[in-house]
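Written below as structure tokens is the structure these notes are about.
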């Protein structure tokens, strides 16, 4: 029987973390051997030979104290910088990353592809393409952990967390929940299937599609009658959502916030938390009326409401107002 | 001296025999014995939970207990061990007994408060035990919200109350130590003549007084949310779940230093006595304790690297964590240098000290691993972290606790423990410990998450090794229980100073008289001046 002692290396981050491990182990082995060998040598060499012996006291050496403070400190700063560098890379998903939404709950993973495929405790991804996960939890804190990718990110209720990776080797890898979340915590596991791009395309078209996230979001948008107030041309009682995603929005209190996923989520569930400048706090909360998946679909729909490309010949009739004006103009009061 | 001499000489043990003479005692030495009995009971309770955990993990399936029970086992193992054993272990037993004696005082500054703090630990422990017997608690010893406030269906409040109450025990002990060290040193006992064990306990006391109230507040907030549904941590009530982690670790990271600083103090004493040399770099070792106590308060965020804490906060906490590593390294280097040209004895306490340095070195160095951001992302919440903190807390604190107990046992009881049995059990513990926890580093890097009842097959071999080690470790821990008991009656009579040590606690008979010293000693030498004892002709047992 083969006993594995090292995890598989299957993402862009895995070699980085492994190389850092080698450095950490090398420094540790050096100091462990140094200390163990010194203790062994001194203990044997200077073992007590007579009960009355009185060794000469040696008090201190400033040079030694400085040396064994400064040299280890230098070595640890390499650890710090190396680890920080990997961490920064992990915290910055590439712009072109493929988006996956993750909703965790006791005790399962619900994963949604943009094209509409939904999976439970399984995630199919292509190799060679960055994948960005946007995650939230319906109950306790969970943590999305793929050892073969060396990535882990807590999944926290009430907010979005993100992580990303590029799978580098096709295969089937463990997905674990790493943050203790209750009785069946150790059953909250699944598999990541990293596939060659063509296999992934085949898988995408083969599975049952539930309609793309944006399409479902549009349906939900209509069902909830959001459009009654959020008119596309900005003439409604609430700001237009066209081109909102990714823009800077001025609030009634003068602050500017970036309209990212977290902001959109909050504005749906707690509309009064951040009021756009020039608008009244009229919107009712949708907390408890929209599931986490529903919120994600709405966000995808809002993200799909792109502004007309600059310099495009004709503007679609329903978006004839520059979406920036609706929110920016009242701030000139 | 013969047995009859011990019996007739008046000392703190034969000063009164009734239960009342113990339960209402204000003698710091008797209170230390009460603490010793209390924490030993909790150590074995925690140990039973640990054994059940290790037996369950022999197989990948959950076949011994249900998941619900397993979760309660690791939670109660952590709570019993951390709050009711490790935190009080060294300060409240060895510290309580010897801190006043080492500075030449007749007692702690507030003897009644000292007794009160023992009662608080017992009352807190009773709440925790009640919770364990009534059905247990399953939140993990970390009580992460919103699981603990909203979702857990177990005895969270009773347990939290127990920890809350026992926290005041810790605060009062710390307060007592600080005042005692400031106000009650014998004539001539200047700050830099104090034994390093006193420095270590002083630094610990600062953390106990400043840190423990924060965890008390945090538990009160958990109580408010769980019972009154006041939204603090649960986002459904408008709270912030990660706020809990900040507050919890603001205490619980420094709490690691509450556990390990006194251990380092014990090791400084033992290394010095059994190499018959002053500790190399005394001032550096003393100040490193204070540095650890202060910097230890600034690193809590390294528990939150993947918690959605800001990337920049992660950066700062990682950076600061390396600062706390340096004073620990300085201690290890100074201990090692103390051996150079010493007169090294291999008595049992010294074996524990060597064991401590070995295990703490590995525990400390792997601390550098988990302080590195990119590395920690992979190993946090895995067995790598489990192995790391067991190396520090079990390999460190318990080795030092046992080392200190052997070292001071002759003073506490007037009797020697059986040396050969003690050496054997020290060796068993060292081997068992490494076999238990070293495989867990590998398990962790492979991705085995902590707190998993059921696990994938490929991790089984390493788990079996770990369980085998734990069985050996358990035997090693049982030995001292028996031979210490045995020695109370049959042990060789120790005499006042069997090790040829310099501390003031050795300048009075064993066991010490009720008021420690017939005459308050006047200190004229630095700590660890062995010319004063060896010159007199050392009494060697």
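Protein chains in written order, with this note's numbering: chain A, 57 to 389; chain B, 771 to 1311. All C-beta atoms, glycine included, are put in the ideal place defined by N, C-alpha and C.
* Kindly list, in the order they appear in chain A, the residues whose Cβ is closer than 7 angstroms to that of residue 1174(B). => Neighbours of residue 1174(B) on chain A: none; closest Cβ ~19 angstroms, over 7 angstroms.
* Spell out whether any CB of chain B is found under 8 angstroms from the CB atom of residue 166(A). => no
* With a cut-off of 8 angstroms on the beta carbons, I'd call residue 1011(B) and residue 158(A) a contact; round off their distance for me. => Rounded, the Cβ-Cβ distance is 17 angstroms, inconsistent with contact.
* Are there three or more Cβ pairs, one per stretch, closer than 8 angstroms when the stretch 1031-1051 of chain B is compared with the stretch 1173-1182 of chain B? -> yes
* Which parts of the stretch 315-347 of chain A are runs of the alpha helix (DSSP H), unbroken and 4 residues or longer, counting only runs that do not cross its ends? -> 317-325
* **Residue-level contact to chain A via CB, residue 1107(B), 8 angstroms cutoff** => yes
* Write down the C-beta distance between residue 1281(B) and residue 783(B) rounded to the nearest angstrom, noting that I regard them as a contact closer than 8 angstroms. => 5 angstroms
* When the Cα atoms are used, what is the spatial distance from residue 1142(B) to residue 887(B)? -> 39 angstroms
* Asked: Hey, how far is the Cα of residue 851(B) from the Cα of residue 175(A)?
  -> 41 angstroms
* Is residue 312(A) close to chain B, meaning its C-beta is less than 8 angstroms from at least one C-beta of that chain? -> no
* Skipping 5 residues on each side, what residues in its chain have a beta carbon closer than 6 angstroms to that of residue 1021(B)? -> 981, 984 and 985
* Asked: From residue 1267(B) to residue 844(B), what distance separates their C-alpha atoms?
  -> 42 angstroms
* **Neighbour-count burial assignment, residue 961(B), 16 or more Cβ in a 10 Å radius** => exposed
* Pull up the distance between the alpha-carbon of residue 810(B) and that of residue 854(B), whole angstroms please. => 9 angstroms
* Asked: By the 10 Å Cβ neighbour count, where 16 or more other Cβ atoms means buried, how is residue 205(A) classified, buried or exposed?
  -> buried
* **Local Cβ density within 10 Å of residue 801(B), reported as buried at 16 or more and exposed below that** => buried
* Are the CB atoms of residue 1187(B) and residue 1257(B) nearer to each other than 8 angstroms? -> yes
* Asked: If you measure beta-carbon to beta-carbon, which residues of the stretch 236-259 of chain A are closer than 7 angstroms to chain B?
  -> 236, 237, 238, 239, 240, 241, 242 and 243
* To do: Assign residue 174(A) to one of three DSSP states: helix, strand, or coil.
  => strand
* Can you tell me where the beta strand (DSSP E) with residue 851(B) in it begins and where it stops? -> Residue 851(B) -> not in any beta strand (DSSP E); alpha helix (DSSP H) instead, spanning 837-851.
* Are there three or more Cβ pairs, one per stretch, closer than 8 angstroms when the stretch 252-266 of chain A is compared with the stretch 334-343 of chain A? -> no
* Beta-bridge pairing of residue 221(A) - partner residues as DSSP gives them -> 187(A)
* To do: Could I get the ranges of all uninterrupted alpha helix (DSSP H) runs contained in the stretch 232-281 of chain A, with 4 residues as the minimum, in chain order?
  => 253-262 and 269-279
* Asked: Is residue 1216(B) close to chain A, meaning its C-beta is less than 8 angstroms from at least one C-beta of that chain?
  -> yes
* To do: Quick one: grab the DSSP three-state call for residue 1024(B).
  => helix
* To do: Indicate, with yes or no, if the ligand MG has a heavy atom lying under 7 angstroms from the CB of residue 339(A).
  => The ligand MG is not among the ligands present in this structure, which contains no ligands whatsoever.
* Asked: At a CB-CB cut-off below 7 angstroms, which residues of chain B make contact with residue 209(A)?
  -> 1076
* Limits of the beta strand (DSSP E) - the one that residue 154(A) falls within -> 154-161
* To do: Using a threshold of 8 angstroms, state whether the C-beta atoms of residue 965(B) and residue 115(A) are closer than that.
  => no
* Would residue 237(A) be called buried (16 or more neighbouring beta carbons within 10 Å of its own) or exposed? -> buried
* To do: Give a yes or no on whether the minimum CB-CB distance between residue 1102(B) and chain A is below 8 angstroms.
  => yes
* For the beta strand (DSSP E) that residue 168(A) lies in, which residues bound it at each end? -> 164-169
* Asked: Straight-line CA distance for residue 868(B) to residue 1285(B)?
  -> 13 angstroms
* Starting from residue 392(A), trace the beta strand (DSSP E) both ways and give me its first and last residue. => Residue 392(A) lies beyond the residue range present for chain A, which begins at 57 and ends at 389; the question has no answer from this structure.
* **Nearest neighbour of residue 827(B), chosen from 1246(B), 1251(B), 1210(B) and 1247(B) [CA to CA]** => 1210(B)
* **Nearest-angstrom beta carbon gap, residue 178(A) and residue 269(A) [assumed within contact, 8 angstroms]** => Incorrect: roughly 18 angstroms between the Cβ atoms, too far for contact.
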